[in-house]
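*Asks:* Top to bottom, those sequences are chains A and B.
Sequential numbering from 1 applies to the first sequence in the numbering used here.
Sequential numbering from 1001 applies to the second sequence in the numbering used here.
Just so it is clear, CB atoms sit at the ideal spot from N, CA and C, and this is done for glycine as well.
Please find one structure pasted underneath; my questions will follow.
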Amino acid sequence: MAGHGPASDWGEDKASDYKEKLGIYLFIVYCIVYAGFVAINTLSPKLMGVVVFAGLNLACVYGFGLIILAIIMGVIYNAMCSAAEDRMNNTAGEGN
Amino acid sequence: MIYEASVFAVVLFVVFVILVLGISKYFASRTTSSKGYYAAGGTIHWGVNGIAFAGDYLSAASFLGICGMIAFQGYDGFLYSIGYLAGWVVALFVVAEPLKKSGKYTFTDALDNRFNSKAIQLMAALSTLIVSVCYLIPQMVGAGALVKPLLGMPHWVGVIIVGSIVIFIVATAGMASTTYVQFIKGSLLIIFSTVLTISLCVNGFKLKPDENYRELRSLEATAVAGKVSAASEGYTVAGQQGDLVKLSKDGINTWWQLKTEGGKAVLKEALSATIQANGSKLYNGEPQEKRKFFQVGAMTKIIVDGKEVEETGPVGPFEFLETIDKGEVLRFKKNIIHDGDNKVTVWNQNITPGKDLMRPGMKFKVDTDKGATFMSKLNFVSLMLALFFGTSALPHILIRYYTVPSPKDARKSTIVAIGSIGFFYILTLFMGLGAMTHGVLDLESSNMSAPLLAKFFGIALFSIISAIAFATVLGTVSGLIVAASGAVAHDLMSNFAGVKMTDEGQVRAGKISAICVGIIAIILGILFKGMNVSFLVGLAFAVAASANLPAIFMVLFWKKTSAMGVACSILVGMISALGIILCSPSMWVRYGLDPATAPIALDNPGIISIPLAFITLVVVSILLPGKRDENGHVVRH
């Protein structure tokens, strides 16, 4: 059938299961942190006004923290996935 | 408010347009295959694609809408930034690589990869079209809204200009030209938002933001039992509604608010816009061309090291936020009243403690002490849920995973996107709060807050930011039209209807679809003039999160997912999300009805529609399972 199948062909990725599990674990960790943020905003919004760091209140610190955490976790995830790909697929380049 | 067109802004916009048309023409000669048209040949570098993701994602709603919301509502606007960014985590950890592995050109391909089901093809294509159109309308309305004040052209001209350029971009070279337009726009947006934020910190805060700032006046008044009988400075009392008082002087009516200060009655100047019975509009009692409707917003108390000061001098980013938290800000409360046959919008002064602006509660009702209810809290949770799960289900974002060579590149480009988009969203808090406190707010248009803040720092920055705002619309609309044309030509015509086409024919069908979708977008952009743009973007997110995300998630991670389960889940997600929104209190207001009588008390459907779509998928997959392959995956119903 026209139009089906991936746009490119790549060989077997032996790191696939590892990456999938790692992604799910990191996703759950981030979900918990995000849920905590939503919970405080919903259940105790006044707590968000408490100054916690360098004159900034919890709302700013937690909000910036969520954004920065996403970036840091993304970098860690990529490093771990790349290492696993190199180790398990025993190849150097791209196109696993 | 009247804006003066900036020649420099027009020149910059024209230069940008010439550049993107040049790029499109360059790539047009190379785009001969369907893979080239829909997926830029799968050859885009992950770094370029990552910034192009930012270009796709940071739409007019993000740039103009969020900055405006923060400028008017404080921290609550920043919650959108947090939710929009957090959604990328779902995209990176859950969706990016598997989607790249299983798909070809469109999100439907990925869902349907192992099923080859007509039901999935139809439902996924419909969902793509609905989400794309919901997203397209506000972009086109935003284009018209920008053109009017900045270039001095009517709304419809702006919509046609943007629509025509975008049709050219997409119809010539599809995803390749769109990607590079997004890349340029995303880069410019992030660079100049950084410049604007640094300018704000260097400028610091002043009680009188600049010499052109119009300070609001107070009058002495005589009042008995809350009823004003006389005012100072030659004004006569022409009417009163509650604490809002209409005064007349030299035949001009203005509105004031009655307050008591030190035991004496005083009248505080308010701003007003009056729609008269004959349809004409007066601003602060005079025609628009008299320019009496001035810009507002400033700090009324600045505290540094425990002492009140008139200005801070340059501040660091943390000090910037701390200064607002400790100070007070002059904001305005909107009231709509009827004065005889006239409909009057009065904005009265509302001095707000900074600490209230720097935590949630100004827009979202979450504080029980301020009247929050269980439903208002549930509404907030529902919104945050839709923002979290909506991003990784937006069709114009998902198709960008097919433009890079490998799953590894898809992952890397998502990380670049998270970094650049996250950085930009942090800047939105500074830009929004800067607009709130630098005397630049147009009370009639929160969307103009960021460009007007740029104007505070000179016409050059204003022109650049305005040109980028246009580019923002161009870029996002291009991505949406590629997604929608793929849904029509590739998913519906080729796959669902089984129309036999050569590879060249598929490209031609894609281009014709892009032109048709573009023309429809132009018409809708003109028809929906004045519609709240952020509302429609919220609708798109809710439908995407409800219709697409459960299907994507379960296809990737639940082996027993069946084709009918996916198709029914998309249908239920779409209908429930749209149905709840159409029956919500917000829509009841738009219908001119009492919001308290709305059948559903939720404005944001995610908390109901997302679980409902998941449950539907599981139940239908169990009741109507398909055949399984050797790995236990259901492959066909």
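Which residues bound the beta strand (DSSP E) around D1641 of chain B?
*Replies:* As shown, chain B starts at 1001 and ends at 1637. That puts residue 1641 of chain B outside it, with no answer to give.
*Asks:* Counting only Cβ pairs nearer than 7 Å, list the residues of chain B close to M80 of chain A.
*Replies:* Under a criterion of Cβ atoms nearer than 7 Å, no residue of chain B is adjacent to M80 of chain A; the nearest Cβ is some 11 Å distant.
*Asks:* For the region 1437 to 1452 of chain B and the region 74 to 86 of chain A, state whether three or more C-beta atom pairs, one from each stretch, are separated by less than 8 Å.
*Replies:* no
*Asks:* Using 8 Å as the threshold, is the C-beta distance between I1399 of chain B and F1027 of chain B below it?
*Replies:* No. Outside cutoff.
*Asks:* Only counting the same chain, and skipping five residues up and downstream in sequence, which positions put a Cβ closer than 8 Å to that of A1238 of chain B?
*Replies:* Correct list, in chain order: K1246, L1247, S1248, N1253.
*Asks:* Please tell me whether A84 of chain A has its Cβ less than 8 Å away from any Cβ of chain B.
*Replies:* no
*Asks:* Compare the C-beta of W1558 of chain B with all C-beta atoms of chain A and state if any pair is closer than 8 Å.
*Replies:* no
*Asks:* Ordered along the chain, which non-local residues of its own chain (more than five positions away) have a Cβ less than 6 Å from that of A1487 of chain B?
*Replies:* A1125, T1128, L1129
*Asks:* Would you decide whether H1338 of chain B is buried or exposed? Buried here means 16 or more other CB atoms lie within 10 Å of its CB.
*Replies:* H1338 of chain B counts as exposed, since fewer than 16 other beta carbons sit within 10 angstroms of its beta carbon.
*Asks:* Taking C-beta pairs closer than 7 Å, name the residues in chain B that K104 of chain A reaches, listed in chain order.
*Replies:* The requested residue 104 of chain A does not occur in the structure, where chain A is confined to residues 1 to 96.
*Asks:* Going by C-alpha to C-alpha distance, which of B:Q1182, B:N1212, B:V1141 sits closest to K1455 of chain B?
*Replies:* B:N1212
*Asks:* Check the Cβ-Cβ distances between V52 of chain A and every residue of chain B, and say whether any is below 8 Å.
*Replies:* No, V52 of chain A does not count as interfacial toward chain B.
*Asks:* Between the region 1037 to 1044 of chain B and the region 1416 to 1424 of chain B, do at least 3 Cβ pairs fall closer than 8 Å?
*Replies:* The region 1037 to 1044 of chain B is not in contact with the region 1416 to 1424 of chain B.
*Asks:* Would you mind working out which of B:L1461, B:G1279, B:S1218 sits nearest T1260 of chain B, comparing C-alpha positions?
*Replies:* B:S1218
*Asks:* Apart from the five residues on each side of it in sequence, which residues of its chain come closer than 8 Å, Cβ to Cβ, to V1482 of chain B?
*Replies:* Y1038, V1170, G1174, M1175, T1178, H1396, I1399, A1514
*Asks:* Grouping DSSP H, G and I as helix and E and B as strand, with all else coil, what is H1155 of chain B?
*Replies:* H1155 of chain B carries a helical assignment under DSSP once its states are collapsed to helix, strand and coil.
*Asks:* With DSSP as the reference, identify every bridge partner of N1113 of chain B, one or two as the case may be.
*Replies:* According to DSSP, which records beta bridges pairwise, N1113 of chain B is partnered with nothing at all.
*Asks:* Can you tell which of B:A1598, B:L1474, B:W1558 has its C-alpha closest to the C-alpha of S1024 of chain B?
*Replies:* B:L1474
*Asks:* Evaluate L1593 of chain B with the Cβ neighbour count: other Cβ atoms within 10 Å of its Cβ, from every protein chain shown; 16 or more gives buried, anything less gives exposed.
*Replies:* exposed
*Asks:* For the alpha helix (DSSP H) holding A1435 of chain B, just list the boundary residues, first then last.
*Replies:* Note, A1435 of chain B: alpha helix (DSSP H), 1407 to 1437.
*Asks:* Would you call N1350 of chain B buried or exposed, if buried means 16 or more other Cβ atoms sit within 10 Å of its Cβ?
*Replies:* exposed
*Asks:* Give a yes or no on whether the minimum CB-CB distance between R1291 of chain B and chain A is below 8 Å.
*Replies:* no
*Asks:* Does the beta carbon of G36 of chain A come closer than 8 Å to any beta carbon on chain B?
*Replies:* no
*Asks:* From this set, A:D13, A:V38, A:K21, A:L26, which residue's C-alpha is nearest D1076 of chain B's C-alpha?
*Replies:* Residue nearest to D1076 of chain B within the set A:D13, A:V38, A:K21, A:L26 is A:V38 (criterion: CA-CA distance).
*Asks:* How would you label E1097 of chain B, buried or exposed, when you count the other beta carbons within 10 angstroms and need 16 or more for buried?
*Replies:* buried
*Asks:* Are the CB atoms of A1544 of chain B and L1385 of chain B within a distance shorter than 8 Å?
*Replies:* no
*Asks:* For a contact defined as C-beta to C-beta under 7 Å, what are the partners of V61 of chain A on chain B?
*Replies:* Chain B residues near V61 of chain A: none, gap ~10 Å exceeds 7 Å.
*Asks:* Using CA coordinates, which residue listed in B:V1537, B:A1277, B:Q1276, B:A1460 is at the minimum distance from L1387 of chain B?
*Replies:* B:V1537
*Asks:* According to DSSP, W1088 of chain B sits in a beta bridge with which residue or residues?
*Replies:* Answer is none; W1088 of chain B lacks a bridge partner.
*Asks:* Using 8 Å as the limit for Cβ to Cβ distance, is I76 of chain A near chain B?
*Replies:* With 8 Å as the cut-off, I76 of chain A does not count as an interface residue toward chain B.
*Asks:* For L1271 of chain B, which of helix, strand or coil comes out of DSSP?
*Replies:* strand
*Asks:* R1411 of chain B versus chain A: which residues are under 7 Å apart at the beta carbon?
*Replies:* N78, C81
*Asks:* Please look up how many angstroms separate the CB atoms of S1062 of chain B and Y1084 of chain B, rounded, as I've assumed it's under 8 Å.
*Replies:* 7 Å
*Asks:* I need the boundaries of the beta strand (DSSP E) containing T1345 of chain B, first residue and last residue.
*Replies:* Segment 1342 to 1353, the beta strand (DSSP E) holding T1345 of chain B.
*Asks:* Tell me where the alpha helix (DSSP H) around E1261 of chain B begins and ends.
*Replies:* Premise fails: E1261 of chain B lies in the beta strand (DSSP E), 1252 to 1261, not in any alpha helix (DSSP H).
*Asks:* Per the DSSP calculation, E1308 of chain B is bridged to which residue(s)?
*Replies:* B:I1303
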